[in-house]
Amino acid sequence: MTNLGRIMDTYGPKLLGHSYCDPITSYDKFHQFSVLHPEIYWSIVLRELSLTFHRGPERILNTGDSSRHRGIWLQGSLLNISECCLLPMENLNKHDDNVAVVWRDEGRDDFPINHMTLRELRGQAMSVANSLDAIFSKGDAIAIDMPMTVNAVVIYLAIVLAGFVVVSIADSFAAKEIATRLHVSKAKGIFTQ
-19 MTNLGRIMDT YGPKLLGHSY CDPITSYDKF HQFSVLHPEI YWSIVLRELS LTFHRGPERI
41 LNTGDSSRHR GIWLQGSLLN ISECCLLPME NLNKHDDNVA VVWRDEGRDD FPINHMTLRE
101 LRGQAMSVAN SLDAIFSKGD AIAIDMPMTV NAVVIYLAIV LAGFVVVSIA DSFAAKEIAT
161 RLHVSKAKGI FTQ
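Going by this note's numbering, the sequence shown opens with residue -19, and the numbers climb by one from there.
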């Protein structure tokens, strides 16, 4: 079952009362509830997904500033989404020995499928993050110009984990386009294959 389906099954009867049937039948009603009551809905989602904030949000959605058309989400919060991806979470049955990444090396269809556990992914991401931290300053932009490989996943998570800004560049771009993105983003470093 998906996270949304699980949340709907758990909270649907309480939030929608007798009009709740099941995740498929009640999807439109549940969606409407989420739009009309974002504070309630998103508080549940954040709790169920075990997002770990360094500083929790003052509000889920602040619509008081008319200059911000869609409002301000999670105002005042501080969170590192890579930490949320890399840390075990008992209530989600996410453990260090769980498989976190599955891949097959390109062009090697006859080779076995590769697996990386959460512990291994975290270890590799932390190693790259620590190396970046020794060279760059928090908030610096670091580019990735790589195909979507397991190494790119590790590097992406590491950049965010270390507190830097990721500049994603398609590996199919020509040198001139890559240079433009590096210039515009003021990237201090770049990962390539």
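Even for Gly, the Cβ is constructed at its ideal location relative to N, Cα and C.
Since Ala123 and Ile61 are thought to touch, with beta carbons under 8 angstroms apart, how far apart are those beta carbons, to the nearest angstrom? Within the sequence shown, residue 123 is the residue found at index 143, counting from 1. Within the sequence shown, residue 61 is the residue found at index 81, counting from 1. So it is not a contact: roughly 19 angstroms between Cβ atoms.
Residue interval of the alpha helix (DSSP H) (run including Ser47): As a first step, residue 47 must be located in the sequence shown, where it is residue number 67. That residue, Ser47, is in no alpha helix (DSSP H); it is neither H nor E in DSSP.
Whole angstroms is fine: what's the gap from Met69's alpha carbon to Thr5's? Position 89 of the sequence shown, counting from 1, holds the residue named residue 69. Position 25 of the sequence shown, counting from 1, holds the residue named residue 5. Whole-angstrom Cα-Cα distance: 30 angstroms.
Please report the distance separating the alpha-carbon of Arg84 from that of Thr97. The sequence position of residue 84 within the sequence shown is 104, counting from 1. The sequence position of residue 97 within the sequence shown is 117, counting from 1. Each residue's Cα considered, the two are about 15 angstroms apart.
For His95, which beta-bridge partners are listed by DSSP? Taking the sequence shown and counting its residues from 1, the one referred to as residue 95 is at position 115. His95 pairs with Val82.
In this structure, how does DSSP classify Phe33 when only helix, strand and coil are distinguished? Here residue 33 refers to the residue found at position 53 when the sequence shown is read from its first residue. Reduced to three states, the DSSP call for Phe33 is strand.
Segment contact flag, the region 42 to 54 with the region 74 to 83, C-beta cutoff 8 angstroms, min 3 pairs: no
One or two residues paired with Thr172 in a DSSP bridge: Numbered from its first residue, the sequence shown carries residue 172 at position 192. DSSP lists Asp125 as partners of Thr172.
Return helix, strand or coil for Leu(-16), following the three-state DSSP convention. Locating residue -16 in the sequence shown gives position 4, where the first residue counts as 1. Three-state result, Leu(-16): helix.
Out of curiosity, what's the CA-to-CA distance linking Ile93 and Ile135? As a position in the sequence shown, residue 93 is number 113, starting the count at 1. As a position in the sequence shown, residue 135 is number 155, starting the count at 1. Going from the Cα of Ile93 to the Cα of Ile135 covers about 21 angstroms.
Taking just the CA atoms, how far does His(-2) sit from Gly103? Counted from its first residue, the sequence shown places residue 103 at position 123. Counted from its first residue, the sequence shown places residue -2 at position 18. Their Cα atoms are separated by approximately 47 angstroms.
Shortest alpha-carbon distance to Thr(-18) belongs to which of Ser165, Ile52, Pro3? Taking the sequence shown and counting its residues from 1, one reaches residue -18 at position 2. That would be Pro3, whose Cα lies nearest to the Cα of Thr(-18).
At the level of alpha carbons, what is the spacing between Ile20 and His75? The residue you call residue 20 lines up with position 40 of the sequence shown. The residue you call residue 75 lines up with position 95 of the sequence shown. If I take the Cα positions, the gap works out to 28 angstroms.
Beta-carbon gap between Gly143 and Lys168 smaller than 8 angstroms: In the sequence shown, the residue the question calls residue 143 occupies position 163. In the sequence shown, the residue the question calls residue 168 occupies position 188. Taking 8 angstroms as the Cβ cut-off, Gly143 and Lys168 do not qualify as a contacting pair.
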